[in-house]
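S.K.: Sharing a structure below in structure tokens format, with a few things to ask.
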Amino acid sequence: MTMKRPRGTADVTPGDIARWRYIEDIAREVCHLYGYGEIITPTMEDTELFRRTVGETTDIVEKEMYTFEDRSGRSLTLRPEGTAPTARMYLQENLYSVAQPVKLAYVGCPFFRYERPQAGRMREYHQFGVECFGSADAAVDAEVIALACDFLHRTGVDQLQLGVNSIGCPDCRNDYREALRDHFEPHLEQLCVDCQRRYEVNPLRLLDCKREECGDKAAGAPSMLQYLCGECAAHFAELREHLERFGLPHEVDQTLVRGLDYYTRTVFEITHHTLGAHDVVCGGGRYDGLVEVLGGDPTPAVGFGLGIERLLLILEEEEIELPSVPGLDCFIIYIGEDAKGAGLQLLQELRSEGISADTDYLERSVRAQMRFADRYPSRFAVLLGADELEAGVVTLRDMSDGSQQSVPRNELTAVLRDAVR
RNA sequence: GUGGCUGUAGCUCAGGCGGUUAGAGCGCCAGGUUGUGGCCCUGGAGGUCGGGGGUUCAAGUCCCCUCAGCCACCCCA
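Using our numbering, read the first sequence as starting at 30 and increasing by one per residue.
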């Protein structure tokens, strides 16, 4: 084995694919139920799109993007997240001119981040995400969260934790940022090096440092919620009422601060204990300023991203039963070269009638063909040999109990169609 | 990007202080059944011991580098 897949990427084999389809099918179903329309955006975008929206000082932009120049010298980037591209599409496809709000969803799209891989953290990973543009109503925040929870429950996942917080609008956040700086300033020397950097770049991050020395300093820090302006506070209160109404238990987590610059007001995370260090399976929030940053009219919006690989890990950990891969309806076993032609013809007849069918291509013994049919697994086996050819019949074997019957050739499709229905 | 653990057959793993042809279970293939799967029995194929270099008479085993996976940071889905 000389060629290997790139670090942090994964192959999905036929044995794995049922799990993916299971998740994607439920995602599409839930999107339909909530009125979200599926979209596909390009895997790569103009690098500037992410620099401007995600934020110059974020880890994503500073060190995690797959950025390259194409042959004409344009700088392109393999998308590291889905919200900015969706906002870009909203503007470029004039979706602001259709009936608002506009609800969009993407299912199983690939994203790329150059990071050190771990279980649940890939360089190429996949997300199910939704974005709703055009409404500032806290009920939409609640709807988006409800959709995520609903989806996760339908996949069979339990014991999820929903954390919510508000980081306010730019105005109240600026006040709060200053208050935080005032609080930490006297202890600046004692903070870890990372926090000293955070102090300058993103003071909100000072709150969720896991180091003990920093945690102590954060203990008495002012809370964001105290600094929310009237509208932001009302929005957050409303969101919580709606969540109650929807029967969605949640915790207000004041250390919850999303990493990307475009978030405003509502931020939330859904976590699951089996995931370990990166226990976030779904994260999202409101981003009322994003569309404007991209040159559109001010447009309130809210959405989330949900990691497929992480959900897969949870499903596995929780040993949630997934629908098994459908087997084959019928396996055709031919005995002797003479029967092969008739067998192949029968094979195509069955397929054209919507009956899944396969046959042996390795000229194996009857015994081996039977075993192959068994392993497939195949519901029925059709045996075709000299005896059957002469009589114009086939021997139809039910693999579940071994019972056999002789069926006229021209009646086989009808018999099987009834049997597999 | 930092620190740590691991890496033997398709899979899960054995291989005392270096010593001849590297093993097991499962899986795969074939036979036991001149035309019949699952269970059982017998046999077979399959290994650059992750890769490269070094020490040594001798390296799966010791040392260095490298790659990959995992864990903890950082950060995030």
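Ideal Cβ placement from N, Cα and C applies to all residues, glycine included. Nothing here was measured: the structure is a model prediction, and the numbers come from that model.
State the DSSP-derived secondary structure class of residue 449, mapped to helix, strand or coil.
M.R.: In the structure shown, residue 449 sits in a helix (DSSP, three-state: H, G or I).
S.K.: Relative to the alpha-carbon of residue 350, which residue among 400, 262, 186 has its alpha-carbon at the smallest distance?
M.R.: Comparing Cα-Cα distances from residue 350 to each of 400, 262, 186, the minimum goes to 186.
S.K.: Put residue 153 into one of helix, strand or coil per three-state DSSP.
M.R.: If DSSP states are grouped into helix, strand and coil, residue 153 belongs with the strands.
S.K.: Taking DSSP as the reference, what is the three-state secondary structure of residue 231?
M.R.: In the structure shown, residue 231 sits in coil (DSSP, three-state: anything other than H, G, I, E or B).
S.K.: Using only the alpha-carbon positions, how far apart do residue 363 and residue 43 sit?
M.R.: Cα-Cα distance, rounded: 27 angstroms.
S.K.: Where does residue 69 land, buried or exposed, given buried means 16+ other C-beta within 10 angstroms?
M.R.: When all chains shown are included, residue 69 counts as exposed.
S.K.: Can you tell me whether residue 124 is helix, strand or coil according to DSSP?
M.R.: Helix at residue 124.
S.K.: Does the stretch 248-263 come close enough to the stretch 155-162 that 3 or more CB-CB pairs lie under 8 angstroms?
M.R.: No, because fewer than three Cβ pairs between the stretch 155-162 and the stretch 248-263 fall closer than 8 angstroms, the two stretches do not touch.
S.K.: Need the endpoints of the beta strand (DSSP E) that residue 145 sits in, please.
M.R.: Careful: residue 145 lies outside any beta strand (DSSP E) and carries neither H nor E.
S.K.: Have a look at residue 116 and residue 90 and give me their C-alpha separation to the nearest angstrom.
M.R.: Each residue's Cα considered, the two are about 18 angstroms apart.
S.K.: Between the alpha carbons of residue 318 and residue 199, how many angstroms are there, rounded?
M.R.: If I take the Cα positions, the gap works out to 9 angstroms.
S.K.: Under the assumption that residue 426 contacts residue 410 (Cβ atoms under 8 angstroms), give the Cβ distance between them as a whole number of angstroms.
M.R.: That belief holds up - the Cβ atoms of residue 426 and residue 410 are roughly 4 angstroms apart, short of 8 angstroms.
S.K.: Where does residue 169 land, buried or exposed, given buried means 16+ other C-beta within 10 angstroms?
M.R.: Label assigned to residue 169: buried.
S.K.: On the DSSP letters alone, give me the boundaries of the alpha helix (DSSP H) that residue 382 sits inside.
M.R.: Taken as a continuous stretch (DSSP letters only), residue 382 belongs to no alpha helix (DSSP H), as it is neither H nor E.
S.K.: Between which residues of its own chain and residue 396 is the CB-CB distance below 7 angstroms, once the five residues before and five after are set aside?
M.R.: Excluding residues within five positions, none has a Cβ falling inside 7 angstroms.
S.K.: With 16 as the cutoff for other CB atoms within 10 Å, does residue 434 come out buried or exposed?
M.R.: Answer is exposed; the Cβ neighbour count stays below 16.
S.K.: What does the Cβ neighbour count give for residue 330, buried or exposed, with the cut at 16 atoms within 10 Å?
M.R.: Answer is buried; the Cβ neighbour count reaches 16.
S.K.: By DSSP's criteria, residue 427 is part of a beta bridge. Which residues make up the other side?
M.R.: Beta-bridge pairing links residue 427 to 409.
S.K.: Does the beta-carbon of residue 327 have 16 or more other beta-carbons within 10 angstroms, so that it is buried, or is it exposed?
M.R.: By the 10 Å Cβ count, residue 327 comes out exposed.
S.K.: For residue 176 versus residue 59, is the C-beta distance shorter than 8 angstroms?
M.R.: Yes. Within cutoff.
S.K.: Leaving out the 5 sequence neighbours to the left and right, which residues in its chain are closer than 8 angstroms to residue 180 when beta-carbon positions are compared?
M.R.: Excluding positions up to five away in sequence, the list reads 55, 56, 59, 157, 335.
S.K.: Which value, in whole angstroms, describes the spacing of the CA atoms of residue 293 and residue 380?
M.R.: Between residue 293 and residue 380, the C-alpha separation is close to 55 angstroms.
S.K.: Hey, would you say the C-beta of residue 185 is under 7 angstroms away from at least one heavy atom of the ligand NAD?
M.R.: The ligand NAD is not part of this structure, which contains no ligands at all.
S.K.: How long is the line joining the alpha carbons of residue 314 and residue 197, rounded to whole angstroms?
M.R.: Computed Cα separation, rounded: 11 angstroms.
S.K.: For residue 32, count neighbouring Cβ atoms within 10 angstroms of its own Cβ and tell me buried if that reaches 16, exposed if not.
M.R.: Per the 10 Å Cβ criterion, exposed.
S.K.: Check this for me: beta carbons of residue 311 and residue 298, under 8 angstroms apart or not?
M.R.: It is a contact, given that the beta carbons lie within the stated cut-off.
S.K.: Report the partner residues of residue 105 according to the DSSP bridge assignment.
M.R.: Looking at the DSSP assignment, residue 105 forms a beta bridge with 75, 97.
S.K.: In the DSSP assignment, find the alpha helix (DSSP H) that holds residue 361 and state where it starts and stops.
M.R.: That residue, residue 361, is in no alpha helix (DSSP H); its beta strand (DSSP E) goes 357-363.
S.K.: Are residue 367 and residue 304 closer than 8 angstroms when you measure CB to CB?
M.R.: Not in contact: residue 367 and residue 304 (Cβ atoms no closer than 8 angstroms).
S.K.: For residue 218, name the three-state secondary structure that DSSP assigns.
M.R.: Three-state DSSP puts residue 218 in a helix.
S.K.: Quick check on the DSSP output: the alpha helix (DSSP H) that includes residue 203 runs from which residue to which?
M.R.: From DSSP, the alpha helix (DSSP H) with residue 203 extends over 199-213.
S.K.: Between residue 250 and the rest of its own chain, which residues show a CB-CB distance below 8 angstroms, the 5 nearest in sequence each way excluded?
M.R.: Excluding residues within five positions, the ones whose Cβ falls inside 8 angstroms are 209, 212, 213, 235, 236.
S.K.: When we look at the beta-carbon of residue 290 and count the other beta-carbons within 10 Å, is it buried (16 or more) or exposed?
M.R.: With 16 or more other Cβ atoms within 10 Å, it is buried.
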